[in-house]
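Only one structure is covered here, and it is reproduced in the block below.
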Amino acid sequence: MRHKKPLPGMLVVLLDLLGIGAALGIYALFLFVIPSSSNAPLQDIVSFGATPTMEVSATPEPAAQTDDAALATPAATPTPSPTPAPGDFSATFPTGEFDDENAIGTYADDNLRVSITEHELDGGVYFVADVWIRNIQGFKTAFAGDKYNSGYELPSDTASRYNAILALSGDCYRARNEGIVIRNGVLYRDSRSGDVCILYADGTMESYYESEFDIDEAVARGAYQGWSFGPKLIDNGQVPTSYNTSDAIMAHNPRAAIGYYAPGHYCLVYVDGRQPDYSKGLTMKELSQVMIELGCVDAYNLDGGQSSMMTFQGQVVGQPYKGGREISDIIYFGGDDPKA
0 MRHKKPLPGM
10 LVVLLDLLGI
20 GAALGIYALF
30 LFVIPSSSNA
40 PLQDIVSFGA
50 TPTMEVSATP
60 EPAAQTDDAA
70 LATPAATPTP
80 SPTPAPGDFS
90 ATFPTGEFDD
100 ENAIGTYADD
110 NLRVSITEHE
120 LDGGVYFVAD
130 VWIRNIQGFK
140 TAFAGDKYNS
150 GYELPSDTAS
160 RYNAILALSG
170 DCYRARNEGI
180 VIRNGVLYRD
190 SRSGDVCILY
200 ADGTMESYYE
210 SEFDIDEAVA
220 RGAYQGWSFG
230 PKLIDNGQVP
240 TSYNTSDAIM
250 AHNPRAAIGY
260 YAPGHYCLVY
270 VDGRQPDYSK
280 GLTMKELSQV
290 MIELGCVDAY
300 NLDGGQSSMM
310 TFQGQVVGQP
320 YKGGREISDI
330 IYFGGDDPKA
């Protein structure tokens, strides 16, 4: 009986290395070449482009007429009135001159009005952008790299690429593997992580504590934008008694927040901070109080610290801490349409 000779040691090592190399190659193929299914949208929630429907009353059957009735002038047929498209705020969109003499910057066109004011609270400098839009499609979000999960960049760079009139850093969704992500009517991620803020296609905005949020209900209502960072800043018109965040985040910090007045009317708030000779920032409770005093019905905290940044007509507003840092997304108004 012949016995097989064992393979030489060097050949065994070589075969092992080839096997490892093949495994790494397959891993790299799936990681870098073949798109991950997690990058694909989960659901299209809201889409636009359909012609607004017309409400037309049914025309009754004509009754038998006498000779006198036949000679009478027929009544005019009512002109059907178009039903406003969802998210059409034309009826409340303001026109005319700005009435805020303290504004440090203003912008107006047929679909967007922005007025920016600067404020100070107990050593913290902040900026408020008052925003009116004529249509919900004017409330836009954009990804760094133009696609979901595709990169990081300075908010000012993303805003510049989209020619945004006004932009604010978003929730930096890529910093977490969980948390709701809804952008421009598309659901990308449906897991919960922290408090949630939803802008609906009818223009209403609501923030939710993590425990009370239901993604199915939000989708059924027509969620148009959705963020997961938080915390929620207003609770039944009051400063919350507690916040779903850490003590470090509760302290004085640079901030970014979004506020809601009514459908079509919003505000973006940007806070400079961590610069003792200029602005120390705001605490979370101070930010809540600011939003309430502005008259917001609801408000939500976005990614802050070095991530926070606002731009207006191509210029950075205020003095971002250390010049800001690269993040994954922005909120913006005006400029080009979103690519994703």
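One point on numbering: in numbering that gives the first Met the number 0, the residue at position 66 of the sequence shown is 65, and numbering is uninterrupted.
Built from N, CA and C at the ideal position, the CB exists for glycine as well.
Going by other Cβ atoms of all chains shown within 10 Å of its Cβ, with 16 needed for buried, is G169 buried or exposed? Within the sequence shown, the letter at position 170 stands for residue 169. With 16 or more other Cβ atoms within 10 Å, it is buried.
In three-state DSSP terms, what is I181? Numbered from 1 along the sequence shown, position 182 holds the residue referred to as residue 181. Strand.
If you draw a straight line from the C-alpha of N110 to the C-alpha of D335, how long is it? Taking the sequence shown and counting its residues from 1, one reaches residue 110 at position 111. Taking the sequence shown and counting its residues from 1, one reaches residue 335 at position 336. So the two alpha carbons sit approximately 13 Å from each other.
Under the three-state DSSP convention, the category N162 falls into: Along the sequence shown, one-based indexing puts residue 162 at 163. Coil, per DSSP.
In this structure, does DSSP put E117 in helix, strand or coil? Indexing the sequence shown from 1 puts residue 117 at position 118. Three-state DSSP puts E117 in a strand.
What does a CB cutoff of less than 6 Å around M204 pick up in its chain, not counting 5 residues either side in sequence? Within the sequence shown, numbered from 1, the residue matching residue 204 stands at position 205. Result list for M204: L198, Y259, D297, in chain order.
Quick one, are the C-beta atoms of G225 and V180 less than 8 Å apart? Here residue 225 refers to the residue found at position 226 of the sequence shown. Here residue 180 refers to the residue found at position 181 of the sequence shown. Cβ atoms of G225 and V180: closer than 8 Å.
Go ahead and pull the three-state DSSP assignment for Y151. Indexing the sequence shown from 1 puts residue 151 at position 152. Looking at Y151 - three-state DSSP - the assignment turns out to be coil, as it is neither helix nor strand.
I need the straight-line Cα distance from D215 to Q274, nearest angstrom please. The count along the sequence shown starts at 1 and reaches residue 215 at position 216. The count along the sequence shown starts at 1 and reaches residue 274 at position 275. Distance between the alpha carbons of D215 and Q274 is about 43 Å.
Have a look at Y223, A102, F92, A141 and flag the residue whose alpha-carbon is nearest the alpha-carbon of A261. Start at 1 with the first residue of the sequence shown, and residue 261 comes out as number 262. Considering only alpha carbons, the answer is F92.
For S278, which of helix, strand or coil comes out of DSSP? Sequence index remark: in the sequence shown, residue 278 carries index 279 (1-based). Note: S278 maps to strand in three-state DSSP.
Does Y242 have its Cβ less than 8 Å from a Cβ in chain D? The displayed structure is made up of one protein chain only, and chain D is not part of it.
Find the nearest neighbour of A166 within the set I135, P40, P154, N101, judged by alpha-carbon distance. To locate residue 166, count along the sequence shown from 1; it is residue 167. When each option's Cα is compared against that of A166, the closest is P154.
Using the Cβ count rule (16 or more neighbours within 10 Å means buried), how would you classify S115? Walking along the sequence shown from the start, residue 115 turns up at place 116. A quick correction: the sequence has Ile, not Ser, at residue 115. It is buried - the Cβ of I115 has at least 16 other Cβ atoms within 10 Å.
Using three-state DSSP, classify L232 as helix, strand or coil. In the sequence shown, residue 232 corresponds to position 233, counting from 1. Correct three-state label for L232: coil.
Coarse secondary structure for T65, derived from DSSP in three states: By one-based count along the sequence shown, residue 65 stands at place 66. With a pLDDT of 46 at T65, under the threshold of 50, the predicted position of this residue should be treated as unreliable, though the coordinate-derived value follows. Residue state, collapsed to three classes: coil.
So, helix, strand or coil for E285, using DSSP? By one-based count along the sequence shown, residue 285 stands at place 286. Three-state result, E285: helix.
Given this structure, state the Cα-to-Cα distance separating E119 from Y125, to the nearest angstrom. Locating residue 119 in the sequence shown gives position 120, where the first residue counts as 1. Locating residue 125 in the sequence shown gives position 126, where the first residue counts as 1. Rounded to whole angstroms, E119 to Y125 spans 6 Å at the Cα level.
Taking Cβ positions, are P253 and G304 nearer each other than 8 Å? Here the question's residue 253 lines up with position 254 in the sequence shown. Here the question's residue 304 lines up with position 305 in the sequence shown. Yes; because the gap between Cβ atoms is below 8 Å, this pair is in contact.
Where A39 and E100 are concerned, what is the direct C-alpha to C-alpha distance, given to the nearest angstrom? Start at 1 with the first residue of the sequence shown, and residue 39 comes out as number 40. Start at 1 with the first residue of the sequence shown, and residue 100 comes out as number 101. C-alpha separation (whole angstroms): 47 Å.
Under the DSSP definition of a beta bridge, which residues are partnered with D87? Residue mapping note: residue 87 aligns to position 88 of the sequence shown, counting from 1. Answer is N134.
Determine the burial state of D43: buried for a count of at least 16 other Cβ atoms within 10 Å of its Cβ, exposed for fewer. Your numbering for residue 43 matches position 44 in the sequence shown. Exposed: under 16 other Cβ atoms inside 10 Å.
Taking the alpha helix (DSSP H) that A141 falls in, what are its first and last residues? On the sequence shown, residue 141 is found 142 positions in, with the first residue counted as 1. No alpha helix (DSSP H) holds A141; the beta strand (DSSP E) holding it covers 139 to 142.
Exposure label - D121; buried when at least 16 CB within 10 Å: Start at 1 with the first residue of the sequence shown, and residue 121 comes out as number 122. Exposed, by the Cβ-count rule.
In chain order, what residues of the same chain have a beta carbon less than 8 Å from the beta carbon of G123, not counting five sequence neighbours either side? Looking up residue 123 in the sequence shown gives position 124. Cβ within range, chain order: H251, V270, D271, G272, S278, K279, G280, L281, E285.
Going by DSSP, which residues form a beta bridge with D98? Stepping through the sequence shown from its first residue, residue 98 is reached at position 99. DSSP lists no partner for D98.
With DSSP collapsed to three states, give me the class of G45. Counted from its first residue, the sequence shown places residue 45 at position 46. Checking the sequence, you will find Val at residue 45 rather than Gly. If DSSP states are grouped into helix, strand and coil, V45 belongs with coil.
How would you write the range of the alpha helix (DSSP H) that A247 sits in, first residue to last? In the sequence shown, the residue the question calls residue 247 occupies position 248. 246 to 249 is the span of the alpha helix (DSSP H), which, as asked, contains A247.
My understanding is that Y172 touches K231, with C-beta atoms under 8 Å, so please give their C-beta distance in whole angstroms. What you label residue 172 is simply residue 173 of the sequence shown in a count that begins at 1. What you label residue 231 is simply residue 232 of the sequence shown in a count that begins at 1. Between K231 and Y172 the Cβ distance is about 17 Å, and since that is not below 8 Å, they are no contact.
List the residues that DSSP assigns as beta-bridge partners of F126. By 1-based counting over the sequence shown, the position of residue 126 is 127. E117, Y269, per the DSSP bridge assignment.
Mind checking whether V185 and F212 have CB atoms under 8 Å apart? One-based indexing of the sequence shown puts residue 185 at position 186. One-based indexing of the sequence shown puts residue 212 at position 213. It is not a contact, given that the beta carbons lie outside the stated cut-off.
Rounded to the nearest angstrom, how far is the Cβ of F311 from that of G104, given a contact under 8 Å? Looking up residue 311 in the sequence shown gives position 312. Looking up residue 104 in the sequence shown gives position 105. That pair is a contact at about 5 Å.
Measuring only the C-alpha atoms, how far is G263 from F47? Position 264 of the sequence shown, counting from 1, holds the residue named residue 263. Position 48 of the sequence shown, counting from 1, holds the residue named residue 47. Straight-line Cα distance between these residues: approximately 17 Å.
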